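J.: In my numbering, the protein residues as written are 169 to 268.
Note that CB positions come from ideal geometry on N, CA and C, so glycine has one too.
Keep in mind it's a predicted model, so treat the numbers as computed, not measured.
Below, the structure written as structure tokens:
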């Protein structure tokens, strides 16, 4: 694993678009080394018998089946909700201008 140094720290800060005060660089370097040390420890573990997980749970997403009768059509959707809109004209919603 590559050693974290000031050059890599500055590159990472640039990618993250953060400014690191030069007096805090040593603290960040120690923090990064500590974090990478944990990953090195994990990489040494034998995981050959561990079943891969896809999300930490056995729950499944429940969705309804699509039915053609639920899809909007011109005959059943046009003008729907116009009566509850503050202003309308000829069946269309009237909104204030965005650009003058």
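Please confirm whether residue 197 and residue 183 have their CB atoms less than 9 Å apart.
T.: Stepping through the chain shown from its first residue, residue 197 is reached at position 29. Stepping through the chain shown from its first residue, residue 183 is reached at position 15. Contact flag unset, no.
J.: Counting along the chain, where does the alpha helix (DSSP H) carrying residue 205 start and finish?
T.: Sequence index remark: in the chain shown, residue 205 carries index 37 (1-based). From DSSP, the alpha helix (DSSP H) with residue 205 extends over 193 to 211.
J.: With a CB to CB cut of under 6 Å and the five nearest residues on each side skipped, what residues in its chain are close to residue 200?
T.: Here the question's residue 200 lines up with position 32 in the chain shown. 172.
J.: What is the rounded straight-line gap between the Cα of residue 266 and the Cα of residue 255?
T.: Walking along the chain shown from the start, residue 266 turns up at place 98. Walking along the chain shown from the start, residue 255 turns up at place 87. Distance between the alpha carbons of residue 266 and residue 255: 16 Å.
J.: Where do the N-terminal and C-terminal ends of the alpha helix (DSSP H) with residue 176 fall, by residue?
T.: Position 8 of the chain shown, counted from the first residue, corresponds to residue 176. Taken as a continuous stretch (DSSP letters only), the alpha helix (DSSP H) holding residue 176 covers 174 to 184.
J.: In its own chain, which residues sit with a C-beta less than 8 Å from the C-beta of residue 187, not counting the 5 before and 5 after it?
T.: Here the question's residue 187 lines up with position 19 in the chain shown. The residues are 181.
J.: Please state whether DSSP places residue 261 in a helix, a strand or coil.
T.: One-based indexing of the chain shown puts residue 261 at position 93. It is a strand residue.
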